[in-house]
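Protein chains: 2
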Amino acid sequence: MIRILLADDEHLIRGALAALLALEDDLEVVAQAATGAEAVATARAVRPDVAVIDLQMPDLDGVTVAQTLATELPTCSTMIVTSHGRPGHLKRALAAGVRGFLPKTVSADVLATVVRTVHSGGRYVDPALAAEAISAGDSPLTPREADVLELALEGAPIDEIARRASLSPGTVRNYLSSAVGKTAASNRHEAARMARARGWI
Amino acid sequence: MIRILLADDEHLIRGALAALLALEDDLEVVAQAATGAEAVATARAVRPDVAVIDLQMPDLDGVTVAQTLATELPTCSTMIVTSHGRPGHLKRALAAGVRGFLPKTVSADVLATVVRTVHSGGRYVDPALAAEAISAGDSPLTPREADVLELALEGAPIDEIARRASLSPGTVRNYLSSAVGKTAASNRHEAARMARARGWI
DNA sequence: TCGGGGGCATGACATCTGTCATCACGTTCC
DNA sequence: GGAACGTGATGACAGATGTCATGCCCCCGA
């Protein structure tokens, strides 16, 4: 019997997934959590075999949770399910020691299969997401460029970005100009959107 | 027995919801759809009592589907479930004749209850979403301003917006300037983000 | 029928942004 | 030691953008 921890902030989805997994004879949902922090705390208490974590949760990111679990509970395999599969998340997740990564568009069969796969030491990444991640390539942005571009995401004017980054406006413009060049965008706002879509920020 | 049509592009969620609803004695999921178009077509064929539609789907918006169903199948009550409950969606949905509107954070019990409520002619809107919608207020944007602002969402330069809207660049700037004033933003990008957050576009 | 409001456009002006050249400093690696 | 690179800054310039005034047309409600 594989003991599963299920974490998803959407009550409906969480309950539904639990109902679905309960249909499998060899799977058992032993605990549920609605937030990242709760997931970590619960995992410590129940020590599940597999943790199925939603990527987006109110407090802690799914990847952060995975990271914590990987160090604290090495016997527990973590897998991530997500609605919006951005390439950057996949990369971060794998780096955090996640063993399975799938979008919520897969069928219940696949989910159950992957649970078994990661429990037996295997890995599984959704082929479509893997292809996307590979085609997106590595980030050409320097750390500082990424920082500044991230601050530009909300559409703030350069002066505010400069204040928030504790840089001179001129320097901010330089970084942004460089980032715009690297993303082939026509302005920083578009560049920020593209960089985010590719998982670079 | 209440006959239900379930539409959600995420296979996992759809299957899970179906499993969950199947646990209720008086509910029966008679059809499922993965896209908006499919939902409409399927609804025509099976004529369900209640349609449970996800708001975001690849092709047709959940609200659009609801609109179609309301005119074509007046006996079928439509309700919408969604992950990201933006106020604007709720308003549009109610205008489209939707009878129930809830976020996926509710429990399965609530979902089943609401299905019964809308089937018996009632209405149900998640209290939290309703409060948000009221506090967001009505959109101060003219239809044209909203159009242009929507095109500005992706960060495109004004010339491209003008081309896509078949307007002169000067006119686009006027609309955007007006919209920026109404949203108290410092530029069109921020204005677009704010308008979206408030459900105005 | 008249006024007001929205849609659409133009022109003028000030400011913001994007781009480029150039400099200085520190780290890393050969 | 020097090359390569990232970080941080300044100044100059062109083009994009935001703002405002003004005008025209059309439709709707008083």
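So the sequences go chain by chain: A and B. Numbering of the first sequence is given in this note's numbering, commencing with residue 34 and proceeding in unit increments. Numbering of the second sequence is given in this note's numbering, commencing with residue 34 and proceeding in unit increments. For each residue, glycine too, the CB sits at the ideal point set by N, CA and C.
Runs of the alpha helix (DSSP H) spanning 4 or more residues and lying entirely within the stretch 91-160 of chain A occur at 95-105, 120-128, 141-152, in chain order. For Val-205 (chain A), no CB of chain B lies under 8 Å from its own CB, so it is not counted at the interface with that chain. Of the candidates B:Ala-145, B:Ser-210, B:Ala-189, B:Arg-156, the residue whose Cα lies closest to the Cα of Ala-49 (chain A) is B:Ala-145. Per the DSSP secondary-structure output, Asp-87 (chain B) pairs in a beta bridge with B:Val-114. Linking Pro-160 (chain B) to Gly-214 (chain A) through their CA atoms gives a straight-line distance of about 46 Å. Around the C-beta of Ala-78 (chain B), fewer than 16 other C-beta atoms lie within 10 Å, and the residue is accordingly described as exposed. Under DSSP, the beta-bridge partners assigned to Glu-61 (chain B) are B:Arg-36.
The stretch 164-175 of chain B makes contact with the stretch 106-120 of chain B: 3 or more CB pairs, one atom from each, lie closer than 8 Å. Ala-66 (chain A) is bridged by DSSP to A:Ala-40. When 8 Å is used as the limit between beta carbons, Arg-226 (chain B) is near these residues of chain A: Glu-187, Gly-188, in chain order. Interface criterion not met: the Cβ of Ser-210 (chain A) is under 8 Å from no Cβ in chain B.
Judged by DSSP secondary structure, Arg-177 (chain B) falls within the alpha helix (DSSP H) whose first and last residues are 176-184. Contact between the stretch 81-90 of chain A and the stretch 74-89 of chain B is absent, with fewer than three C-beta pairs closer than 8 Å.
Against Val-139 (chain B), the close residues of chain A are Glu-43, His-44, Leu-45, in the order they occur along the chain (beta-carbon pairs closer than 9 Å).
In the DSSP annotation of this structure, the continuous segment of the alpha helix (DSSP H) that includes Glu-193 (chain A) starts and ends at 191-198. Put simply, the backbone Cα of Leu-60 (chain B) is about 24 Å away from that of Asp-142 (chain A). Look at Leu-56 (chain B) here: in three-state DSSP terms it is coil, with no helix or strand label. Here Pro-91 (chain A) has Asp-42, Thr-68 as same chain residues with Cβ atoms under 6 Å from its own Cβ, once five neighbours each way along the sequence are excluded. With respect to the 8 Å criterion, Leu-45 (chain A) and Thr-138 (chain B) are classified as neighbours on the basis of their beta carbons.
For the 8 Å CB-CB criterion, Ala-72 (chain A) and Leu-106 (chain A) do not form a contact. By alpha-carbon distance to Leu-186 (chain A), the top candidate from B:Val-131, B:Ala-225, B:Trp-233 is B:Ala-225. By the neighbour-count criterion, in which 16 or more other beta carbons inside 10 Å mark a residue as buried, Leu-56 (chain B) falls on the exposed side. Contact between Val-114 (chain B) and Leu-127 (chain B) fails: their C-beta atoms lie close to 15 Å from each other, not under 8 Å. In terms of Cα proximity to Leu-93 (chain B), the closest of B:Ala-66, B:Leu-184, B:Thr-216 is B:Ala-66. Following the DSSP letters along the chain, one finds Glu-223 (chain A) inside the alpha helix (DSSP H) bounded by residues 221-230. Its Cα nearest to that of Gln-100 (chain B), the residue B:Ala-129 stands out among B:Arg-125, B:Ala-129, B:Val-148. Residues Val-213 of the same chain have their beta carbon placed closer than 8 Å to that of Ser-219 (chain A), with the five preceding and five following residues left out of the count. Under the DSSP assignment, Arg-206 (chain A) falls in the alpha helix (DSSP H) whose first and last residues are 202-216. Under the Cβ distance rule, His-122 (chain B) does not count among the residues neighbouring chain A, no pair being separated by less than 8 Å. Residue state for Ser-172 (chain A) is assigned as coil, using DSSP reduced to three classes. Identification of residues in the stretch 55-77 of chain B having a C-beta nearer than 8 Å to some C-beta of chain A yields Leu-56, given in sequence order.
Residue contact check for Leu-50 (chain A) against chain B: a CB pair falls below 8 Å.
Taking C-beta separations shorter than 8 Å and ignoring five residues to either side along the sequence, the partners of Asp-192 (chain B) in its chain run Pro-202, following chain order. Your pair Ile-35 (chain B) and Val-148 (chain B) checks out as a contact, with CB atoms roughly 6 Å apart and the cut at 8 Å.
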